[in-house]
Every structure is written in C-alpha cells, then in structure tokens.
Amino acid sequence: MIKTPDYDYNLPEELIAQTPLLNRSESRLMVLDRKNKTIEHKHFSDIVDELNENDVLVLNDTKVIPARLIGEKEDTKAVIEILLLHDKGNNIWETLAKPQRRVKIGSIITFGDGKLKAKCIKKEDAGICEFELIYTGILVEILDELGQMPLPPYIHEKLKDPNRYQTVYAKHPGSAAAPTAGLHFTPQILSRLKEKGVELIFITLHVGLGTFRPVEEEDLTNHVMHEEYYEISKEASDALNQAKKAKKRIIAVGTTSTRTLESAYDNGFKPVCASTNIFIYPGYKFKAIDAQITNFHLPKSTLIMLISAFAGREFVLEAYQKAVNEKYRFFSFGDAMLIK
86 MIKTPDYDYN
96 LPEELIAQTP
106 LLNRSESRLM
116 VLDRKNKTIE
126 HKHFSDIVDE
136 LNENDVLVLN
146 DTKVIPARLI
156 GEKEDTKAVI
166 EILLLHDKGN
176 NIWETLAKPQ
186 RRVKIGSIIT
196 FGDGKLKAKC
206 IKKEDAGICE
216 FELIYTGILV
226 EILDELGQMP
236 LPPYIHEKLK
246 DPNRYQTVYA
256 KHPGSAAAPT
266 AGLHFTPQIL
276 SRLKEKGVEL
286 IFITLHVGLG
296 TFRPVEEEDL
306 TNHVMHEEYY
316 EISKEASDAL
326 NQAKKAKKRI
336 IAVGTTSTRT
346 LESAYDNGFK
356 PVCASTNIFI
366 YPGYKFKAID
376 AQITNFHLPK
386 STLIMLISAF
396 AGREFVLEAY
406 QKAVNEKYRF
416 FSFGDAMLIK
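This is the structure we're talking about:
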C-alpha cells in the first residue's frame, strides 16, 4: 500500500500566495538536481541560464475561461454555483454544482436575467452534474460577461487583473484552472530562450477536476483521476519525435504538460485529440520527459505525488521543508521549481 499521508507536509498559512507578483518573472526558482541531490535557490529569470541550447521546452497553451457561474433555480430561486469543467459538445457541459443536493434532473438554473440557462440532464457523485446550456449568441462572450475566473479556494484575495491568471501564451479556451507553472514566463524570457536556441513546443490540456481534486483514499493507488481533454498537433508531435531522435532534453512546463506528454508517448508521439486520466505516482517510469518546471503543490495532492515519482519522495519533501524554511511562496501564485 502506498499511503496518502506520506505525501503530507506542514505549511504555514501565510506562505500561501494570495496575489501574483507585480512582475511574473521575479518569482523565486528552486533548482533540484535529481542525480546529485542538490538544491539551489535562484530567481525565475535565471531559467534562461538553466536551459541549454538545443533543449526543448513544452508549454500548455490552454486558456482559462470565466468558468464560475452563480445563478438561481427557476422554480425555488435557490442560489446555485456551477463550475464548467468540460465541454462535451452540443452545448452539454460537465460541471461541479453546489449545493448539488438542490439540483435535480430537469432543474433549470438561470444566469444574468436569463441570458444563459443551464438544464440539468445528469447527476453523478461528488458534485458532478451535466448541464445543457441554453443561450443565444456566442458562449465565450456570454461567459466573459456573466462568469468569474475560477480561482482556487485557498485564494481569498480578489484578483484585480484576470489576465494574471492566464499564461502569456494562453491560446485555446477550455480550462477551469490555470497551468500555473507557466504563469512565471514573460514574452521577454520566451524571446531570450529562443535566441539561446531553446525550442518552444506548444500542446494543450484543458485543466479540469483531474488536476485539482484532492486524494481522499488512504491507499493512493485507489484514487481515480478525472479525465481531462488534451491535444497534440502534427507540428508538435513531429518536433517532439525529432527531439527524441536527437536525444535532446525535453522539459515540461507544469504537471499538465508532463501528464499530456506521458499520456501521449508510445514509442513516439502522434497527433492526437483525446482524454487522459493518467495518475502518476512513485513507481511510475517516465518515458517522455527529462526535466520539468513546476510550482509548489498542496499536501497530499496528486501533483506532489507526480513530482515525487520524478525526483523521489524524500528529496521532494526535503525540498519542500527548505522552501518553508526559506519562506517561498506556495501554490498557484507562488514560486517555481526546476527539477532536472
């Protein structure tokens, strides 16, 4: 049995970053060397020096949508919040609804004086509901008007600029949370990396429940990941295959890029549009990546388990303790880590 509590650590609440830094790249960067078991303290702008000519940097270009909607039931006027998780096509969306007990099959929730309505067509466990969205016009524009950015529950400050919860290269709308390791990159850093000879490859994974749902099983191997949609284009798969053939270092930006690449790799990469529920925890053998950039993750989360699979549990927990001692900023708006 692999015990979930083995991935716990103590985090003072004041170290949970509530707001993004004024300058994205001024975050700190902890550099973990897996081979030599060394830990260095740098700044994110030093990432240009950490990467080498011919390295390949893989970034998730998903875009967060204003997926949090607060409305009321047509019949009882009860306030219902839904979080859009996954577009299943034909205006059917998988969502998290709360309080779910107030929602029945056939319930209609209205938003913005009826500009958007959601009819419940399916209920599952743990707050999951499927809704048919009813509207006139363009959904993205309606969400921009009626929806809110779905910040994680541990962030209590209001986000002044919604763009700070997007990467500078966000392109394809569909995420219910940001791929936060990418938030540190600026156009200037990306430009300097390209000038140095680092190749940038963009893939897409729409972040949903799989990434942020907590592990509630005592034996983590019993945890079931929720599926998330991903895409790798022909251009990206060709570039990744060339990089593998040339034995170049493939560096994933964020656990979402890591999970996408590891899901897609099978003796090479192919163009793909699919869903993944891959759960990476210690014992997993990495096939696609050689290094990764990531933020500091919640205790007992699937994300800390993923990086423990990559760098070793004891080494990761040692690094986290150092981060606490050095007062690093944690979670979505916090500091970064390069594991090489």
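Numbering (our numbering), first residue to last: 86 to 425.
All C-beta atoms, glycine included, are put in the ideal place defined by N, C-alpha and C.
Model, not experiment: these values are computed from the prediction.
Alpha-carbon spacing of residue i relative to residue j, whole angstroms
i: Phe395; j: Thr341; result: 14 Å
i: Asp172; j: Trp178; result: 5 Å
i: Leu231; j: Tyr254; result: 24 Å
i: Lys204; j: Asn176; result: 11 Å
i: Met38; j: Thr361; result: Residue 38 cannot be examined here, being either before or after the span of the chain that is shown, 86 to 425.
i: Ile317; j: Cys358; result: 7 Å
i: Arg334; j: Leu136; result: 9 Å
i: Thr306; j: Gly397; result: 17 Å
i: Leu294; j: Val133; result: 32 Å
i: Val188; j: Gly156; result: 12 Å
i: Ala349; j: Lys355; result: 7 Å
i: Gly191; j: Ile165; result: 14 Å
i: Tyr250; j: Ile288; result: 18 Å
Beta-bridge pairing of residue i - partner residues as DSSP gives them
i: Leu218; result: Ala203
i: His257; result: Thr147
i: Thr361; result: Glu313
i: Phe416; result: Per DSSP, none; premise fails for Phe416.
i: Asn380; result: Ala421
i: Met115; result: His126, Met422
i: Val338; result: Ile378
i: Ala182; result: Ile167
i: Thr296; result: Per DSSP, none; premise fails for Thr296.
i: Lys429; result: Nothing in the structure corresponds to residue 429, since the chain is present only between 86 and 425.
i: Glu157; result: Val164, Thr195
Distance between beta carbons of residue j and residue i, contact taken as under 8 Å
i: Thr387; j: Phe364; result: 6 Å
i: Phe381; j: Gly339; result: Contact doesn't hold; Cβ gap of about 12 Å is too wide.
i: Tyr94; j: Gln406; result: 7 Å
i: Leu218; j: Ala404; result: In fact, because the Cβ distance is near 43 Å, the residues do not count as touching under 8 Å.
i: Ser260; j: Val149; result: 5 Å
i: Lys88; j: Asp246; result: Wrong, their Cβ atoms sit about 41 Å apart, outside the cutoff.
Neighbour-count burial assignment, residue i, 16 or more Cβ in a 10 Å radius
i: Ala266; result: buried
i: Ile223; result: exposed
i: Glu55; result: No answer is possible for residue 55: it lies beyond the span of the chain, which begins at 86 and ends at 425.
i: Leu107; result: exposed
i: His241; result: exposed
i: Ile389; result: buried
i: Asp210; result: exposed
i: Ala263; result: buried
i: Thr296; result: buried
i: Tyr239; result: exposed
i: Ser276; result: exposed
i: Thr379; result: buried
i: Ala331; result: exposed
i: Gln185; result: buried
Top-ranked residue by Cα proximity to residue i, from the options
i: Lys412; options: Pro90, Ile101, Met86; result: Ile101
i: Thr195; options: Leu325, Leu154, Arg109, Lys243; result: Leu154
i: Leu236; options: Asn248, Val225, Glu226, Ile227; result: Asn248
i: Lys372; options: Leu346, Leu391, Leu383; result: Leu346
i: Ile286; options: Arg298, Gln273, Lys319, Leu383; result: Lys319
i: Thr271; options: Ser260, Thr252, Lys88; result: Thr252
i: Leu169; options: Ile213, Ala337, Ile336; result: Ile213
i: Asp146; options: Gly397, Leu402, Tyr366, His257; result: His257
i: Asp140; options: Leu391, Leu278, Ala321; result: Leu278
i: Ser112; options: Arg414, Lys425, Leu423, Ile424; result: Arg414
i: Leu402; options: Asn352, Asp91, Met86; result: Asp91
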